[in-house]
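Trainee: Residue numbers (my numbering), protein chains in the order written: chain A, 71 to 505; chain B, -1 to 429. We put the CB at the ideal spot given by N, CA and C, even for glycine. Below you will find the structure I want to go over with you.
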Amino acid sequence: MRSGDSEIHRTTLDNGLTILTRELHHAPVTTFWVWYRVGSRNELPGRTGISHWVEHMMFKGTSQFPKGVMDREISRLGGTFNAMTWLDFTAYYATLPADRIEIAMRIEADRMVGAAFEPSETEAERTVILSELHMYEGYPSFRLAQEVQAAAFQLHPYHHETIGWESDLLTMTRDDLFNHYRTYYAPNNAIVVAVGNFQTGEMVDRVAEIYGSLAPGPAVPPVQFNEPMQRGERRVTIQGREPTPLLAYAYKAPAATDPDFWPLAVLDSILGGAKGASIFGGGGSSRTSRLYRRLVDGGLAVSASSGLLPTIDPYLYSVDVMVLPATDRDELERVINEEISRFQEQPVTEEELARAKKQTRAHYAFGLDSMSNQGRWLGLSSIVATTDWFVNYLDSLEAVTASQVQSVAQRYLVPTKRTVGWYIPENGANNGSGQ
Amino acid sequence: MDETHQHSLPSEENIALRRLDNGILLAARENFASPAVIMAGLLEVGSMDETPEKGGLATLTASLLSRGTERYDYDTLNDAIESVGASVSVWGGTHTTRVAAKSLAEDFPAILELANEMLRHPTFPEEHLERVRAQRITGLHERLNNTRAVAELAFYQAAYPSGHPYHHDSSGTPETVAALTRDDIAAFHRDHFGPQGAIFVVVGAIPKEEALDRLEAALGNWEPLPQPPTERDAPPVEWPDERVQQYSEVPGKTQSDILYGLPTIPRKHPDFMALQLANTVLGVFGMMGRIGKSVRDEQGLAYYARSGVSATRGPGAWTASAGVSPDKVDQAVQSMREQWVRMGTELVSEDELNDSKTFITASLPLRLETNEGVARTILDMLYYDLGLDYLERYEERVRAISADEVRRVSDTYFDPERAILSVAGPAIPQL
């Protein structure tokens, strides 16, 4: 990687645990992550949301760190501590003053194999997760995304949101959760990532001491779903009381390891604005993007964004628009289609290409001062691709040509590979539209 | 650069300061770990300078600064900023208007020039006013369908009397925003945007004296306002005489949001640190403190349940919040109340108090990990006049707070018989 920083060091223990470390000494802080190769991608109907629920249970105690003790231990040392579940992964992280990181290493090792899953705790957490779901459902953008995802994927588990369907959250049992945990939580299905103010040799030795004795589990069940080819445009429309219409376009996109990923990432910068190398936002302003100019400056929308996520299996390239109430919906779609067609009919200019690359370099640099960001990028890229995917990120984008951008536009951004979703306010929506 | 210097807290030793004749205070700190530079600044102008009838004027003015200046039109500004991957944002608040800029070090001089133009020489093109106005109004309508936002709006209206700067929301309402004119905006900018009291902080890969020189060259000739900003502190408020319960109906939702608490003290009040520590015990520490433990962990009522203190230049609110199923509102509020009352009657054990003390002091390096975190912290130290040795003395001062002080401030700043409860959800419960 650029920026004159240290190398990424990779070790694999006998039990299959992968360890990725990177020394950074600009702040007295270390971040420690454990990534598991399990997420909603590994879930079947009837058990949707199980990976996320298991993540919640990991905070409910082990024999060595009973409930309440682990978060207390981290907090009293000045650390932050959390977890996230997504399509392809479940990740746990703690960021602490560097000389205190050991506690996070011990907690993660302990709960990799020793989480309690007390039945009463499982039940108490069921209502917490339902509350989380209901919080999301308060947003029409969530409800729309859920429908669009479900329509876009008929077979592949990317069909459902990571939090799962409510009916499954009501019926799943403690044993379901425990079995899921025992299937996927093992050193051979995990990646340790440490970034921060430490000496590599010492850190790797310490991880080996703490994690080396954990027994590997059997190989995890492979995900054997190949989403069938989409044969035509799909459309969903939902309604609700919120007064602002929303439009979502979702095209089938290439996986992170597909060479087409990079030209599409460049296209995304030009269409919707440059982003950092993070799946959780981090972009700057995007007023010069083609979408912003046509839709927002054009007086059709409040906001417009686009996004391409790095995923293991092919996922979605999305365009999301918050629509001004007076906008004609057909006209809005026509304008977006026109912008998509431009990419197919003529190559982007060298100037646009150079700008997209410079923007990405800058966003990448902005993220460098946060250890947590680096831990996230390193872990994510190792899950969806390889560590080199992250190391070569800027080079991969740098190599993209205008004709490659045109080619991916012609092959991926076609009507037969898209799902179009509308959220439309129902008659008598709260507060009217003001029109 | 040697490591000890890099790891030292921002302090008099490593922050360069300069006061300009026109009243602007400048600060800079170096960090060459990444090739980026952050600028964070504030002007003493905000929604407290507008009347409620013109609600939204200050924030709308701030968001129109990037829409064109005397020297650069909208497209030129966007192009200059985005072509180098930089960003410049300006947004209005209640007491201040904030500016933040981020760029690679090599682009900092150009970005500073653009930010300076936006703040001082905006042209407020009519067409952009109409575009931004339409976006704002849509956002305001949408906000009225967000239970958390509705609970907050109702809480602030109940907690602060009409005419108090915190009573009306700085975004205004769809009606007030619809009525604002270009003349209102241009006059507001002319009368209130000036150098007096302004602070600009630069942190990143630029020598600190060079940063100050560049800031001075850009901002030094900003003429002071003939009428300097008026009193910037928001006045204290009386608590209600009895419990206030405010229910707002947001049809079609599956969850209710609760905001519960009282107005308290400004940031500079001598009790602030003790209050912050009490709040950490109540609703922050670990998984959201005692409230989180009771409401989320033990009873499983909510995904989030926590408390917070929002003190700035006026009597900020100390509030507990949670999102719960509509039929569990009473149970959750009762638990919050119990935990809060306990804070004011029983001494927190030494162990528990030490845990929270260590959390807020030892987490300092995490907050200072990024250039943005450092810039924000320096800006706060200067704005609230905390002294450049604030961070160095922070741990000592937190350590000195006793369990009795925590009990006293909890008792002083929360009264269950006068507290304000605001709930927004799908149906108004029968009381």
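Chain B partners of A:Ser145, CB-CB under 7 Å?
Mentor: Ordered by position in chain B, the residues that pass the 7 Å Cβ test against A:Ser145 are Phe283, Gly284, Asp353, Phe357.
Trainee: Could you tell me if B:Lys266 is buried or exposed, where buried requires 16 or more neighbouring beta carbons within 10 angstroms of its beta carbon?
Mentor: By the neighbour-count rule (16 or more Cβ atoms within 10 Å), B:Lys266 is not buried but exposed.
Trainee: Output, in chain order, the set of chain B residues within a Cβ distance shorter than 7 Å of A:Ala344.
Mentor: Residues of chain B passing the Cβ test: Gly83.
Trainee: What would DSSP say about A:Gly351, mapped onto helix, strand or coil?
Mentor: With a pLDDT of 43 at A:Gly351, under the threshold of 50, the predicted position of this residue should be treated as unreliable, though the coordinate-derived value follows. Three-state result, A:Gly351: coil.
Trainee: Which bits of chain A does B:Tyr301 rub up against, with CB to CB less than 9 Å?
Mentor: Those within 9 Å of B:Tyr301 in chain A are Val198, Ile199, Leu200, Ser201, Glu202, Leu203, His204, Met205.
Trainee: Closer than 9 Å by beta-carbon distance: list the chain B residues that pair up with A:Pro313, in chain order.
Mentor: In chain order: Thr136, His139, Glu140, Leu142, Asn143.
Trainee: May I have the straight-line CA-CA distance separating A:Arg360 from A:Ala371, to the nearest angstrom?
Mentor: Cα to Cα, the separation comes out at about 13 Å.
Trainee: I'd like the list of long-range same chain contacts for B:Thr228, defined as Cβ closer than 6 Å, with 5 residues on each side in sequence excluded.
Mentor: Closer than 6 Å at Cβ, skipping near neighbours: no residue.
Trainee: Whole angstroms are fine: how far does the CA of A:Val366 sit from the CA of A:Asn407?
Mentor: So the two alpha carbons sit approximately 16 Å from each other.
Trainee: Using a Cβ-Cβ cut-off of less than 8 Å, list which residues of the stretch 90 to 104 of chain B approach chain A; keep chain order.
Mentor: Within the stretch 90 to 104 of chain B, the residues whose Cβ lies closer than 8 Å to some Cβ of chain A are Lys100, Ser101, Leu102, listed in chain order.
Trainee: Interface residues of chain B around A:Ser211 at Cβ under 9 Å?
Mentor: Going along chain B, no residue has its Cβ under 9 Å from A:Ser211, so there is no contact; the nearest lies around 10 Å.
Trainee: Taking the straight line between their C-alpha atoms, what separation do you get for A:Pro485 and A:Asp383?
Mentor: Taking the straight line from one Cα to the other gives about 21 Å.
Trainee: Within its chain, find whatever has a CB closer than 6 Å to the CB of A:Met71; leave out the 5 residues flanking it on each side and keep chain order.
Mentor: Because A:Met71 carries a pLDDT of 37, less than 50, the predicted location of this residue cannot be relied on, and the following value inherits that uncertainty. So the list reads Val461, once near-sequence residues are dropped.
Trainee: Taking a Cβ distance cut-off of 9 Å, strictly less, list which residues of the stretch 158 to 183 of chain A are near chain B, in chain order.
Mentor: Per Cβ criterion, the list reads Thr165, Leu166, Pro167, Ala168, Arg170.
Trainee: I'd like to know whether the C-beta of A:His122 is nearer than 8 Å to at least one C-beta of chain B.
Mentor: No, A:His122 lies away from the interface with chain B (no Cβ there is under 8 Å from its Cβ).
Trainee: In this structure, how does DSSP classify B:Tyr411 when only helix, strand and coil are distinguished?
Mentor: In the structure shown, B:Tyr411 sits in a helix (DSSP, three-state: H, G or I).
Trainee: Quick check: B:Glu42 and B:Ala196, are their CB atoms within less than 8 Å of each other?
Mentor: Yes, they are a contact pair.
Trainee: Within a Cβ cutoff of 7 Å, which residues of the same chain sit near A:Gly352, ignoring the five residues on either side of it in sequence?
Mentor: Bear in mind that the predicted position of A:Gly352 carries a pLDDT of just 48, short of 50, making it unreliable; the figure below should be weighed with that in mind. Hits under 7 Å: Lys345, Gly346, His433, Gly437.
Trainee: Nearest-angstrom Cα distance between A:Leu423 and A:Phe413?
Mentor: C-alpha separation (whole angstroms): 12 Å.
Trainee: Would you call the stretch 96 to 107 of chain A and the stretch 441 to 450 of chain A touching, i.e. three or more CB-CB distances under 8 Å?
Mentor: The stretch 96 to 107 of chain A, when compared against the stretch 441 to 450 of chain A, does touch it at the 8 Å Cβ threshold.
Trainee: Please list, in chain order, the residues of the stretch 250 to 267 of chain B that have any C-beta partner in chain A closer than 7 Å.
Mentor: So the close ones are Gly250, Lys251, Thr252, Gln253.
Trainee: Under three-state DSSP, which class holds A:Met299?
Mentor: Reduced to three states, the DSSP call for A:Met299 is coil.
Trainee: Counting only runs that start and end within the stretch 302 to 381 of chain A, where is the alpha helix (DSSP H) found for 4 or more residues in a row?
Mentor: Segments of the alpha helix (DSSP H) lying fully in the stretch 302 to 381 of chain A: 331 to 342.
Trainee: Assign A:Asp169 to one of three DSSP states: helix, strand, or coil.
Mentor: Residue state, collapsed to three classes: helix.
Trainee: Using a Cβ-Cβ cut-off of less than 7 Å, give me the residues of the stretch 310 to 330 of chain B that come near chain A, in sequence order.
Mentor: Cβ contacts with chain A: Gly321, Val322, Ser323.
Trainee: Determine the direct distance from the alpha carbon of A:Gly208 to that of A:Glu125, and round the result to whole angstroms.
Mentor: Distance between the alpha carbons of A:Glu125 and A:Gly208 is about 23 Å.
Trainee: Specify the secondary structure class of B:Met271 as computed by DSSP and reduced to three states.
Mentor: Here B:Met271 sits in helix by DSSP.
Trainee: May I have the straight-line CA-CA distance separating B:Ser87 from B:Pro50, to the nearest angstrom?
Mentor: So the two alpha carbons sit approximately 25 Å from each other.
Trainee: Taking C-alpha atoms, which residue in A:Gln309, A:Arg176, A:Ile340 lies nearest to A:Ile280?
Mentor: When each option's Cα is compared against that of A:Ile280, the closest is A:Arg176.
Trainee: When the distance is taken between beta carbons, is B:Ser168 closer than 8 Å to B:Ser45?
Mentor: For B:Ser45 and B:Ser168, yes; Cβs fall inside 8 Å.
Trainee: Buried or exposed: which applies to B:Ala398, given that a residue is buried once 16 or more other Cβ atoms fall within 10 Å of its Cβ?
Mentor: Label assigned to B:Ala398: exposed.
Trainee: So, does the CB of B:Pro33 fall closer than 8 Å to a CB anywhere in chain A?
Mentor: Yes - at least one Cβ of chain A is within 8 Å of the one on B:Pro33.
Trainee: Entirely within the stretch 43 to 86 of chain B and at least 4 residues each: give me those alpha helix (DSSP H) ranges in chain order.
Mentor: 55 to 62, 72 to 80, all fully within the stretch 43 to 86 of chain B.
Trainee: Hey, does A:Val372 have any beta-carbon neighbour from chain B nearer than 8 Å?
Mentor: Yes, contact with chain B.
Trainee: Can you list, in chain order, the residues of its chain with a C-beta nearer than 6 Å to that of A:Met273? Leave out the 5 residues immediately preceding and following it.
Mentor: Thr91, Ala264.
Trainee: Name the chain B residues that come within less than 8 Å of A:His250, Cβ to Cβ?
Mentor: Near A:His250 there are no residues of chain B at all, since even the closest Cβ is about 20 Å away, more than 8 Å.
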